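Data block below; observations after.
There are 2 protein chains.
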Amino acid sequence: MVFTVEGTLDAMRLKVLLVERAGPPYQGSWALPGGFVHEHEDLGQAAARELHEETGLADVYIEQVGAIGTPGRDPRGHTVTVVYVALVPADRHPLQASGDAAAARWFEIDRLPPLAFDHVRLLDDARAHLRRRLGETPVAFELLPGAFTLSELQSLCEVILGRPLDRRNFRRQVQDAGFVVPTKGRREGRHRPAQLFRFAPKAFERYMQDAGELPF
Amino acid sequence: MVFTVEGTLDAMRLKVLLVERAGPPYQGSWALPGGFVHEHEDLGQAAARELHEETGLADVYIEQVGAIGTPGRDPRGHTVTVVYVALVPADRHPLQASGDAAAARWFEIDRLPPLAFDHVRLLDDARAHLRRRLGETPVAFELLPGAFTLSELQSLCEVILGRPLDRRNFRRQVQDAGFVVPTKGRREGRHRPAQLFRFAPKAFERYMQDAGELPF
DNA sequence: TCAAAAGTGTTTAGTTTACACCCATGC
DNA sequence: GCATGGGTGTAAACTAAACACTTTTGA
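Here the protein sequences come in this chain order: F and A.
For the first sequence, position 192 matches number 192 in this note's numbering, and the numbering has no gaps at all.
For the second sequence, position 187 matches number 1187 in this note's numbering, and the numbering has no gaps at all.
Set out below in structure tokens:
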């Protein structure tokens, strides 16, 4: 299951990638991309491969959510699904449907078509996972482009957490934490330009060592 | 993978259940109990069934940790393992080896024999999972008997977290939280008797609603 | 000059931490 | 009466929350 974000600031929306199923079951329905693990293939590799085959996306961050094997969830027989989330940066998500997929499209997470199988449930699980992980791992920076403004980071956190954050407190905490560093660039728009930052993974490790959790 | 605790107070130790493998591969080695999912069986049910078959334990709390499918981890071929942890209360853990297991025994988590397959790694993952979950779900109360003293609860938390907690702060926080309620009983020993408490699941739900996480 | 977002500190309330002594029981 | 763990409160440090105005740019 692939997430990305789009839009800037208060208009930022979390999006999920769906594919239109080319064959039965649920032919023509929208579904989460996925497929079967090959012999002698690691689970994470399989997730990445299926994603690439169905959508053209490569080289993305993936993380396991969990496994589900409730009988009856797939009309083809008893299957076990291992759910992964992949996060792709806001600035590049070219899509190219192929393989089992007739089409691939980003959907806003709050405006979804009916989904095949039990994919609504998987999606709910994944969102909850993402919300928990936001404070424990640098997932936010996997969704942002390499350079981002603090407003963008904040807006992203708000979308994932589903609640507003105080701007001044957020900026202070994030900057004090030291794992975002200012770059030379600025984001221009039809308003005052904003300082661009990048994520510093090494400083992040150090911070997590003794802080334990992220400030948001 | 089944955990329990044994001993009281500062002597409290976390224990894990291992089975001695009755057949190849790794015949005679100690391993985590487990087996294969049956057709039309839910993953959680399968974990509970295997546990019951191999050790006689029934009706325990289980929770999924995750799935692992690295090629080469099982000499019999490419398998995917879905790891579950089960927690059994300190006061009753009768064991009876059978099925694939020649013997079943509790081991202190810091004094383990060599393990079959990649089970050392699975165990590490499960401990980390437990540590994270301690603050999010009432796992602690699945490990304690129905009635417990605050010192026992504290000692358990310390074992899982791997660090000491301040007694007075711990007691205040837990009692203020309101999801442990005193019972009539007292735990007697060769010292001052301690008040027994029980866990109040309903109050726990209410507490989590607006607190978000446990005080420890 | 207006709209839109960027940027900036301080005060207050709440939470977390550190800490030491008396109590009840069994032996 | 002594050893063992049970039980209790307060002050200080820190962290989190609330809050409003000025700045810079493009249109």
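By construction, the Cβ of each residue, glycine as well, lies at the ideal position given by its N, Cα and C atoms.
This structure is a prediction, so every number in the text was calculated from the model and none was measured.
Within its chain, find whatever has a CB closer than 8 angstroms to the CB of residue i; leave out the 5 residues flanking it on each side and keep chain order.
i: Arg21 (chain F); result: Gln27, Gly28, Ser29, Trp30, Ala31, Asp100, Ala101, Ala102 and Ala116
i: Arg1155 (chain A); result: Before going further, note that residue 1155 (chain A) is Ser rather than Arg in the sequence given. Same-chain partners within the cutoff: Thr1008, Leu1009, Asp1010 and Met1012.
i: Phe193 (chain F); result: Note on identity: in this sequence residue 193 (chain F) is Pro, with Phe being the wrong assignment. Answer for Pro193 (chain F): Arg186 and Arg187, listed in chain order.
i: Leu1165 (chain A); result: Gln1154, Cys1157, Glu1158 and Phe1216
i: Pro89 (chain F); result: Thr4, Glu142, Leu143, Leu144, Pro145 and Gly146
i: Pro1114 (chain A); result: Ser1029 and Trp1030
Is it the case that the Cβ atoms of residue i and residue j are separated by a distance below 7 angstroms?
i: Val139 (chain F); j: Arg133 (chain F); result: yes
i: Val2 (chain F); j: Leu18 (chain F); result: no
i: Pro71 (chain F); j: Thr55 (chain F); result: no
i: Glu63 (chain F); j: Val85 (chain F); result: yes
i: Val83 (chain F); j: Val65 (chain F); result: yes
i: Ala1147 (chain A); j: Leu1087 (chain A); result: no
i: Leu95 (chain F); j: Ala104 (chain F); result: yes
i: Lys1015 (chain A); j: Glu1158 (chain A); result: no
i: Arg172 (chain F); j: Thr183 (chain F); result: no
Start and end of the alpha helix (DSSP H) containing residue i?
i: Gln1154 (chain A); result: Leu1150 to Leu1161
i: Tyr207 (chain F); result: Pro201 to Ala211
i: Leu1143 (chain A); result: Val1139 to Leu1143
i: Gln64 (chain F); result: Counting along the chain, Gln64 (chain F) falls outside any alpha helix (DSSP H), though it belongs to the beta strand (DSSP E) covering Tyr61 to Ile68.
i: Ala1128 (chain A); result: His1119 to Leu1134
i: Arg1172 (chain A); result: Arg1167 to Ala1177
Among the options, which one has its Cα closest to the Cα of residue i?
i: Asn1169 (chain A); options: A:Leu1057, A:Gly1162, A:Leu1161 and A:Ser1151; result: A:Ser1151
i: Val5 (chain F); options: F:Asp110, F:Gln175 and F:Pro25; result: F:Asp110
i: Met1208 (chain A); options: A:Glu1136, A:Thr1079 and A:Ala1058; result: A:Glu1136
i: His78 (chain F); options: A:Ala1211, A:Ala1047 and A:Glu1039; result: A:Glu1039
i: Val1174 (chain A); options: A:Gly1035, A:Phe1216 and A:Ala1047; result: A:Phe1216
i: Gly1189 (chain A); options: A:Thr1149, A:Asp1074 and A:Phe1107; result: A:Thr1149
i: Asp1125 (chain A); options: A:Asp1166, A:Trp1106 and A:Thr1081; result: A:Thr1081
i: Arg1121 (chain A); options: A:Ala1067, A:Arg1105, A:His1191 and A:Asp1166; result: A:Ala1067
i: Asp176 (chain F); options: F:Val159, F:Thr183, F:Leu161 and F:Leu214; result: F:Leu214
i: Gly1162 (chain A); options: A:Leu1130, A:Pro1089, A:Leu1095 and A:Arg1192; result: A:Leu1130
i: Pro1025 (chain A); options: A:Arg1073, A:Glu1108 and A:His1191; result: A:Arg1073
In its own chain, which residues sit with a C-beta less than 6 angstroms from the C-beta of residue i, not counting the 5 before and 5 after it?
i: Gly1007 (chain A); result: Arg1013
i: Phe1179 (chain A); result: Ala1200, Ala1203, Phe1204 and Tyr1207
Use the C-beta contact count for residue i: other C-beta atoms within 10 angstroms, 16 or more gives buried, fewer gives exposed.
i: Arg76 (chain F); result: exposed
i: Glu142 (chain F); result: buried
i: Arg1127 (chain A); result: buried
i: Ala1211 (chain A); result: exposed
i: His1119 (chain A); result: buried
i: Gly1069 (chain A); result: buried
Leaving out the 5 sequence neighbours to the left and right, which residues in its chain are closer than 7 angstroms to residue i when beta-carbon positions are compared?
i: Asp91 (chain F); result: Pro145
i: Ala1058 (chain A); result: His1052
i: Val1037 (chain A); result: Leu1043 and Ala1046
i: Gly1217 (chain A); result: Residue 1217 (chain A) lies beyond the stretch modelled for chain A, which goes from 1001 to 1216, so this question has no answer here.
i: Arg167 (chain F); result: Gln154
i: Val181 (chain F); result: Phe197, Arg198 and Ala200
The beta strand (DSSP E) that contains residue i, what's its start and end?
i: Gly1044 (chain A); result: Run containing Gly1044 (chain A): none in the beta strand (DSSP E); it sits in the alpha helix (DSSP H), Leu1043 to Thr1055.
i: Leu17 (chain F); result: Arg13 to Arg21
i: Glu1006 (chain A); result: Val1002 to Glu1006
i: Ala1084 (chain A); result: Per the sequence presented here, residue 1084 (chain A) reads as Tyr, with Ala not at that position. Element bounds for Tyr1084 (chain A): Thr1081 to Leu1087.
i: Val1180 (chain A); result: Val1180 to Gly1189
Report yes if the C-beta of residue i is less than 6 angstroms from at least one heavy atom of the ligand GTP; otherwise report no.
i: Lys202 (chain F); result: Looking at this structure, you won't find the ligand GTP or any other ligand, since it has none at all.
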